[in-house]
Structures are given as structure tokens and as C-alpha cells.
Amino acid sequence: FAPLVEKLAPHLKTVTTYVCMSSREHMPALDLPGLHCWDELVGNQSEDFEWPEFDERTASSLCYTLGTTGHPKGVLYSHRSTVLHTLMELA
Numbered sequence: 001f002a003p004l005v006e007k008l009a010p011h012l013k014t015v016t017t018y019v020c021m022s023s024r025e026h027m028p029a030l031d032l033p034g035l036h037c038w039d040e041l042v043g044n045q046s047e048d049f050e051w052p053e054f055d056e057r058t059a060s061s062l063c064y065t066l067g068t069t070g071h072p073k074g075v076l077y078s079h080r081s082t083v084l085h086t087l088m089e090l091a
């Protein structure tokens, strides 16, 4: 997948940052400006975080799917669904 992103990057004029969901030792060797390692981004953050108050149904992420029509469409996931899916994976 990483080589495909590298080939597409010159056509993605407005994209300035890429995040590889990997640890440093598994990072692909890519010539991709703005490439960051997920583990380093998360690992460099303070453990002290003051969570804001918001409705649990607030959107937390947007993923694209082809669904059954074959046309890409965005699917919003709420904070609630993200937490519940995470808890199920941990169970």
C-alpha cells in the first residue's frame, strides 16, 4: 500500500502530511515529504490530557467505503461507537 501512496502523492496537491500507522522499525522506506510515524506522534505526547466535554454522538472519524454501489462515500463514526468497538476488541 505504501508504494501506491508514494506514486499518488505528486497528484495530491493539497495533502501535506501522511501518517504511517506503524512503529519506527516497520516504517517503509519512502521518498514522501511530510511522512510521519504513528508511534512517534503518539509517543511524543504528554500523558496529561484534559478531555473536553462533548456529546458522545459527536463525530470522531471519517472513513471512506465503496459500499455496494462501488462509489466512494464517507462514513462518520461517533466517539461512542469508536470507544465501544475498542472495548469489544479488548474483551
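Following full-length UniProt numbering, the numbering of the sequence shown begins with 1 at its first residue and continues without gaps.
The beta-carbon is built from N, C-alpha and C at its ideal position, and this holds for glycine as well.
If you draw a straight line from the alpha carbon of residue i to that of residue j, how long is it in whole angstroms?
i, j, result
"P72", "C63", "10 Å"
"S23", "W38", "7 Å"
"F49", "G43", "13 Å"
"T82", "L8", "29 Å"
"E53", "P10", "39 Å"
"L90", "L84", "10 Å"
Could you tell me how far apart the beta carbons of residue i and residue j are, in whole angstroms, since I believe they sit closer than 8 Å?
i, j, result
"H36", "T16", "Rounded, the Cβ-Cβ distance is 11 Å, inconsistent with contact."
"E56", "H79", "5 Å"
"L30", "E6", "5 Å"
Helix, strand or coil: how does DSSP classify residue i here?
i, result
"K73", "strand"
"A59", "strand"
"V19", "strand"
"residue 92", "The structure shown does not extend to residue 92, since the chain is modelled only from 1 through 91, so no value can be given for it."
"S81", "helix"
"L8", "helix"
"L35", "strand"
Of the residues the options, which one's Cα is nearest the Cα of residue i?
i, options, result
"L66", "A59, V75 and S60", "V75"
"residue 93", "L32, D39 and S60", "The structure shown does not extend to residue 93, since the chain is modelled only from 1 through 91, so no value can be given for it."
"K13", "W51, L32, F54 and T68", "L32"
"M27", "A2, G34 and L90", "A2"
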